[in-house]
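>
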DNA sequence: GTCGAACATGAATGAGTATTCATGTCCTAT
DNA sequence: ATAGGACATGAATACTCATTCATGTTCGAC
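Chains as they are written, first to last, in my numbering: chain D, 160 to 353; chain U, 160 to 353.
#1: Can you have a look at residue 179(D) and say buried or exposed, based on whether 16 or more other CB atoms are within 10 angstroms of its CB?
#2: Between the beta-carbon of residue 317(D) and the beta-carbon of residue 312(U), is there less than 7 Å?
#3: Identify which residue in 186(U), 195(U), 218(U) has its Cα closest to the Cα of residue 173(U).
#4: Below 8 Å on C-beta distance, what does residue 353(U) contact in chain D?
#5: Should residue 251(D) and residue 226(D) be called a contact, given that it needs their Cβ atoms to be closer than 7 Å?
#6: What's the C-alpha gap between residue 319(D) and residue 184(U)?
#7: Just list the alpha helix (DSSP H) runs in the segment 327-353 of chain D, keeping only unbroken ones of 4 residues or longer that don't cross its boundaries, in chain order.
#8: With distances taken between CB atoms, is the gap from residue 261(D) to residue 213(D) smaller than 7 Å?
#9: What residues from chain D crowd round residue 216(U), counting only those whose CB sits closer than 9 Å?
#10: Do we get a CB-CB distance below 7 Å when we pair residue 251(D) with the residues of chain U?
#11: Measure the CB-CB distance between residue 326(U) and residue 309(U) and report whether it falls below 7 Å.
#12: Could you pull out every residue in the same chain whose Cβ sits closer than 8 Å to the Cβ of residue 248(U), ignoring the five residues on either side in sequence?
#13: Pick from 201(U), 198(U), 223(U): whose alpha carbon is nearest that of residue 267(U)?
#14: Give the residues from the segment 315-343 of chain D that approach chain U closer than 7 Å (Cβ to any Cβ), ordered along the chain.
#15: Rounded to a whole number of angstroms, what is the C-alpha to C-alpha distance between residue 302(U) and residue 353(D)?
#16: Please check the pair residue 163(U) and residue 176(U), which I expect to be a contact at CB under 8 Å, by giving their CB distance rounded to whole angstroms.
#17: With distances taken from CA atoms, which of 271(D), 297(D), 242(D), 289(D) is nearest residue 231(D)?
#18: Strictly below 8 Å CB to CB, what residues from chain U border residue 245(D)?
#19: Give the residues of chain D in contact with residue 221(U), contact being defined as C-beta atoms less than 7 Å apart.
#20: Closer than 7 Å by beta-carbon distance: list the chain U residues that pair up with residue 271(D), in chain order.
#21: Any beta carbon of chain D sitting closer than 7 Å to that of residue 234(U)?
#22: Between 201(D), 166(D), 284(D), 237(D), which has its C-alpha nearest residue 182(D)'s C-alpha?
#23: Report all residues from its chain with a CB closer than 6 Å to the CB of residue 220(U); omit the five preceding and five following residues, and keep chain order.
#24: Compute the Euclidean distance between the alpha carbons of residue 256(U) and residue 188(D), then round it to the nearest angstrom.
#25: What three-state label does DSSP hand residue 207(D) in the structure shown?
#26: Taking 7 Å as the threshold (beta carbon to beta carbon), is residue 312(D) in contact with chain U?
#27: From residue 296(U) to residue 244(U), what does the alpha carbon distance come to, in whole angstroms?
#28: Leaving out five residues on either side along the sequence, give the residues of the same chain with a beta carbon under 7 Å from the beta carbon of residue 254(U).
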């Protein structure tokens, strides 16, 4: 994250470029996106990009990191105040689906990081998963959930949220997210067993 | 899927190129992979590629389609003979993790299709999900699982498998896949509720 | 009102590589 | 043994960008 601007004007330009990069990367994908299109969208000259960023990869990484902060913040807010872990799961799942609906570009950028910047991708999910796992362990100790492998469960639960986000938010006119979250939560809470 | 060879020699070359493409796309990703590298790996000349394929995109799509057939076949084999749906879930999950361990390249290719060839990506998962959903409905009718939204459940369960595959197979020296599948299955069967 | 640091510009540079094509070689049918 | 379709070759073509840079412009401090 170099090239920090030193004036208000600079700060605004940089932010403008970041938002355009989010938009273009989200729409076209990293490879098909061009710096020229990003600067065009930001109403600025090609060369200006390199005043604020060192490379195409760097803006991308910065967006992934930004997404990490944002996701953690959104999820943390959503879950705060839940009476117990099960309710936190319900709230968290719905909040995630709504977040994907709100910022589909940022969500698609994270998924591209798998190939564009594998380290950033791993960091994003690993740090999220570590916190998730700890929450599950605490809930288990408090008797709020059945004992079980918290690491595996954390990744399984993240997988549910990701895949529902793909299918019911990115691929479809947003249906009833509450109903979808509720249906998934029903399985998370009680399982498939009759 | 054009350019079908008319001789044994041609068929072998095409297959050879397909395997090299799988390898190179899997290792480097679609964008970073070059036709030159694919033909080099296949011990053949650059131009030979275009005898068997019309474009870089086309081989890629063909690999995604191949992966679709393979996955369905592997999962179908794994689940055949299961006494009930819950057992089918257990077997299917383990089989999927082992499949990812066996063919990590093909698995990574499918994930790239999300951006390289979105239609192929959707087809892959949608056709899989449709079959999955039908199985769940049948099991529900037979009283083998609790009633619930089969479409949402199918996508949630696929999400679990995908994400565990990422974390415990692609990102890590393969640990005990049986233990991981069992831990996840425990939650799928009985949920988190104490 | 002027000086300098910060910022802006877009044409030019340079590297990479998908695709084509003119020229062979192989192999089988006759 | 030879014609002709199938296959093989890799240099040449034709783009597409990422990145640089020489030349302005802005704006606040003094």
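Beta carbons: idealized from backbone N, C-alpha and C, even for Gly.
Everything numeric in this text was worked out from a predicted model, so none of it was measured.
This is what the structure gives:
#1: The residue in question, residue 179(D), is buried, as its Cβ has 16 or more Cβ neighbours within 10 Å.
#2: The Cβ atoms of residue 317(D) and residue 312(U) do not sit closer than 7 Å to each other.
#3: 218(U)
#4: 302, 303, 304, 305
#5: no
#6: 27 Å
#7: 336-349
#8: no
#9: In chain order: nothing, as chain D lies at least about 12 Å away.
#10: For residue 251(D), the nearest beta carbon of chain U is not closer than 7 Å to its own beta carbon.
#11: no
#12: 316, 344, 347, 348
#13: 223(U)
#14: Under the 7 Å Cβ criterion, the segment 315-343 of chain D contributes 315, 317, 318, 319, 321, 322, 323, 326, 330, 339, 342, 343.
#15: Answer to the nearest angstrom: the Cα atoms are 7 Å apart.
#16: Rounded, the Cβ-Cβ distance is 13 Å, inconsistent with contact.
#17: Nearest to residue 231(D) by C-alpha distance, out of 271(D), 297(D), 242(D), 289(D), is 289(D).
#18: Under the 8 Å cutoff, chain U gives 351, 352.
#19: Chain D residues near residue 221(U): none, gap ~19 Å exceeds 7 Å.
#20: 274
#21: It does not: the Cβ of residue 234(U) has no partner Cβ on chain D nearer than 7 Å.
#22: Nearest neighbour of residue 182(D) by Cα position, chosen from 201(D), 166(D), 284(D), 237(D), turns out to be 201(D).
#23: 276, 279
#24: 28 Å
#25: helix
#26: yes
#27: 10 Å
#28: Once the five neighbours on either side are set aside, the close Cβ partners of residue 254(U) are 233, 234, 237.
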